[in-house]
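First to last, the sequence lines map onto chains A and B. Per the numbering used here, the very first residue in the first sequence carries number 45; after that it's consecutive. Per the numbering used here, the very first residue in the second sequence carries number 45; after that it's consecutive. Here's the structure we're looking at; comments come further down.
Number of protein chains: 2
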Amino acid sequence: MSQPRSATSTTFPLDRAVIRRFLEEQKLDLRTASIREINRLVGTIERDQGVRFIRMEFGIPGLPAHPVAIEAEIRALREQDVAHVYAPFDGVSALKEEAARFVERFMGVVVPPSCCIPTIGTMEGCFASLAVAGRLTRSRRTVLFLDPGFPVNRLQARFLGLGVRSLDFYDHRGPRLVDAVDSLAAGGDICAILWSSPNNPTWIALDESELLGLGRVCDRHGIVAIEDLAYFGMDVRRGVPRPGTPPYQPTVLRSTKHAISLISASKMFSYAGQRIGIAVLSPDLAAMEAEELVEFFGTRSVGHAFSHGVLYPIAACVPQAPQYGLLALLRAANAGDESVFAPAAEYARRAAIMKRKFLENGFRLVYDNDLGRPLADGFYFTVCHPAYASGVELLRELLRYGISAITLETTGSCRKEGLRACASLVGDDLFDELGERLRRFAEEQSS
Amino acid sequence: MSQPRSATSTTFPLDRAVIRRFLEEQKLDLRTASIREINRLVGTIERDQGVRFIRMEFGIPGLPAHPVAIEAEIRALREQDVAHVYAPFDGVSALKEEAARFVERFMGVVVPPSCCIPTIGTMEGCFASLAVAGRLTRSRRTVLFLDPGFPVNRLQARFLGLGVRSLDFYDHRGPRLVDAVDSLAAGGDICAILWSSPNNPTWIALDESELLGLGRVCDRHGIVAIEDLAYFGMDVRRGVPRPGTPPYQPTVLRSTKHAISLISASKMFSYAGQRIGIAVLSPDLAAMEAEELVEFFGTRSVGHAFSHGVLYPIAACVPQAPQYGLLALLRAANAGDESVFAPAAEYARRAAIMKRKFLENGFRLVYDNDLGRPLADGFYFTVCHPAYASGVELLRELLRYGISAITLETTGSCRKEGLRACASLVGDDLFDELGERLRRFAEEQSS
């Protein structure tokens, strides 16, 4: 296997036939290809062609995990001897308690530790949330996605046999968003509304008035609000999170009794490889009972169904050592150690530079404002190019220049022309190269 | 919280009203209570009454994990910097390769690394197997459990909306087992047959002729054989496993094209807390295509549905460090390091002592032979007492004596009189106490 050469624009653009060949070999349709499939495609091209891509397809943290987590895992393994013992299926007690403290100090919401349930990443938390919400009421088997979003949530709904509806942030923000959700909810078939904020992929962030409105809609119609906080604390316009000090992380937990808020350690703490997150159930939802849950989970209780009816049969429990790693991170955060929040600022710095290079070379942002304000710089941004009406075609061309991304179409967006770009893996050594490749791309467009 | 006193029989038996009160408080029905619920019940009684139970309810490894795994995890975290990076959704390559080598050396079966898929414990492997098998064909939505078995597999089937049928080993072994499975399979609604061997809870082990017969039935009817090898290499009658040397682990992989064999690290290597196992798909099954999979997984391919359609949306990937831990264990095993297999012998030693104490005090084994041969001593055994026709009543009484177990009924057994006892948590310091408590129990029976 040949090592990729150091980044250089001289070998680009690759021939269109080369890209076509790899797509055919891997039987890939760029329009529907998953992130992981694009990832594998690009890896194959890199190895085969001996080139190095600027990889923006994968929402993977590009910074090492904080030592406080690593050392806590090691202590748990060596000294606390956790490796042979199953964790409780609703999580290690100390982590549940620290998580409740974190929710109070950084979200300004009080919940008991029993409502803070560790999960194998937010992926599992989201899966469990959909599994329970989709089985509360037989007549409600449809999830409303506020789009664009994380593509895998759609795979989850499909796995669970749930229907899907979509509402796009592009033309729905503020009162218009809340009204549109309310009228869809009135249809009576919606079991849950799911969104991510700060949003993957647009980096818009729902504000308190929108969350208040969404919460009211959920309470009015008995719908579960599932809030994916994969990018908790990463809206850098709000400054570094400080315990017990506003502005708190905006959350729908404050505005509905029917909320599940999913806090991920993957991006905020750059800890994706060990798969650990926290699902926070609003206490009323956890205590709620529904007869129809019994058929699938053997219990009427929503809280019990979540941990005992889903998390337990899926994987028995969350692996032990990562729970201690996250415990240490939350403890540090709760004590005011700001170093644990460092990744957000670095991603924002990278995104600002990358966005500028795209804009200088004829691209524009697809989702280009946040309720009229400029978007924050963060983990993701969205781009399109006036010469391409189709994101698939744009991506196919960018691949020739050694630049990878995913189409907005796979994120559920109504904007077929756009791509999602992730800033996390593009470090300082690649910025000039990115600029150079985009310049050559721009040249070819105008030639 | 009061610490449990050291084990002593003087406080036992507890009053029947005390046990009743705890059951009512926790709204527990002993007949259907899950292992984890019994576990929590007993923990509560211990704390409240200041007593120490002899805990046989939980199939949890009682020995520390092997240092080779712990040190490999630590290296992965500290030196290989894996904590922030998602693993491939079909597993770390080196682990897949080492697993294929392990399958060849210890099972005598050749499969490519692509067919060895790391999972978050065998629990996730089993869940994924049922999820895929249950959706291959619309007309086949029923799982045949060879019972008794691991109770959580039934929760998995219920979660997935699959029907369940049961055939009991108690009166079906040898050709009788194969014939009975064949005639059930002829019904046309069975998608999968699932069993564990060495068996949880009876510790019987299917022999090569039974596996051959079951494999043929699966091929004939297009049914997936799901073999839970949670106790791989732990039938001590066969001696310590040696690489490339018969007797190999009996496996249905040898006798059908439609097999999934689930290899767990939890008990064999005492590694349950970190949740890591390997699902081995027979190559023909992995390559099989079925149009009906598309609706749920977006792919026709069984192998792709397994990793990309189930494992990916459930938890994104298997946590990284435990994959390196298991890699180190398999590498040691493949190189002939017998120390990694040490737990089996220790559990067998404990089980032999415990069984004797039960038998000396009027109990008998429920499943009491293995195709006419004596059962091996191992992780579990099954007991009943002639004075009790109901396992629930027997358990309720034993709880008074500070002895906990689960009913065979919850394991799907047709023998309502029995209990499952796990030997793993009962160490040398408790053997005399177990004997004394059982002696007092026996006295009360005859008084």
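We treat Cβ as the ideally placed atom computed from N, Cα and C, and that holds for glycine.
Under a criterion of Cβ atoms nearer than 8 Å, no residue of chain A is adjacent to B:Met278; the nearest Cβ is some 15 Å distant. Taking 8 Å as the upper bound for CB-CB distance, A:Asn244 and A:Tyr275 are in contact here, some 7 Å apart. For a Cβ distance threshold of 9 Å, residue set Ala127, His128 of chain B lies close to A:Ser314, ordered along the chain.
In summary, the residues of the region 140–174 of chain B whose CB is separated from some CB of chain A by less than 7 Å are Ile164, Gly165, Met167, Glu168, Phe171, in the order they occur in the chain.
Taking 4 residues as the minimum length, the alpha helix (DSSP H) runs contained wholly in the region 418–480 of chain B are 435–444, in order along the chain. Shown here, B:Val187 sits in a strand according to DSSP, grouped into three states. For the region 350–363 of chain B, the residues whose beta carbon sits under 9 Å from a beta carbon of chain A are, in order, His352, Gly353, Val354, Tyr356, Pro357, Ile358, Ala359, Ala360, Cys361, Val362, Pro363. The shortest CA-to-CA distance from B:Asp226 to any of B:Trp247, B:Val261, B:Glu461, B:Ser241 is the one to B:Val261.
Residue pairing of B:Pro162 in beta bridges, as defined by DSSP: B:Ile322. In terms of Cβ geometry, B:Arg122 and A:Ile114 form a close pair [threshold 8 Å]. Using a CB distance cut-off of 8 Å, B:Phe203 counts as an interface residue toward chain A. A:Glu141 carries a helical assignment under DSSP once its states are collapsed to helix, strand and coil.
Counting only runs of 4 or more residues that sit fully inside the region 177–245 of chain A, the alpha helix (DSSP H) segments are 195–203, 218–229, in chain order.
Under the Cβ criterion of 8 Å, B:Phe340 is counted among the residues facing chain A. Taking C-alpha positions only, A:Val268 is separated from A:Leu355 by approximately 18 Å.
Non-local C-beta neighbours of B:Ala249 in its own chain, meaning closer than 6 Å and more than five positions away in sequence, comprise Ser241, Pro242, Asp279, ordered along the chain. Looking at the DSSP output, B:Leu409 shares a beta bridge with B:Val427. When DSSP states are grouped into helix, strand and coil, A:Val126 belongs to the coil group. Residues of the region 100–111 of chain B whose Cβ lies closer than 7 Å to any Cβ of chain A, in chain order: Ile104, Pro105, Leu107, Pro108, Ala109.
The beta-carbon separation of B:Leu409 and B:Phe425, rounded to 6 Å, stays under the 8 Å limit for a contact. Of the other Cβ atoms in all chains shown, fewer than 16 fall within 10 Å of the Cβ of A:Asp472; this residue is therefore exposed. Looking from the CA of A:Glu68, the closest CA among A:Phe56, A:Leu85, A:Asp59 belongs to A:Leu85.
Under the three-pair Cβ rule at 8 Å, the region 143–157 of chain B does not count as touching the region 147–162 of chain A. Counting along the chain, no alpha helix (DSSP H) covers B:Leu306; the unbroken beta strand (DSSP E) around it starts and ends at 303–308. If you draw a straight line from the Cα of A:Glu339 to the Cα of A:Ala309, it is about 33 Å long. Collapsing the DSSP output to three states places A:Ile248 in coil. Contact between A:Pro363 and B:Gln364 does not hold, since the beta-carbon distance rounds to 10 Å and is not under 8 Å. Contact with chain A is found for B:Ala131, since one of that chain's Cβ atoms lies less than 8 Å from the residue's Cβ.
By the criterion of a C-beta distance shorter than 6 Å, B:Leu469 is surrounded in its chain by Arg99, Gly106, once the five residues flanking it on both sides are discounted.
Residues of chain A with a Cβ closer than 8 Å to the Cβ of B:Ala113 are, in chain order, Ala127. Residue pairing for A:Thr289: DSSP places it in a beta bridge opposite A:Arg286. Residues of chain B whose Cβ lies closer than 8 Å to the Cβ of A:Ala138 do not exist; the shortest such Cβ separation is about 14 Å. Secondary structure of B:Ala77 (DSSP, three-state): coil.
Going by beta carbons, B:Thr454 and B:Thr163 fall outside the 8 Å limit.
Taking a contact as a CB-CB distance under 8 Å, the pair A:Arg179 and A:Glu333 does not count as one, their CB atoms being some 13 Å apart.
Put simply, the backbone Cα of B:His216 is about 16 Å away from that of B:Leu419.
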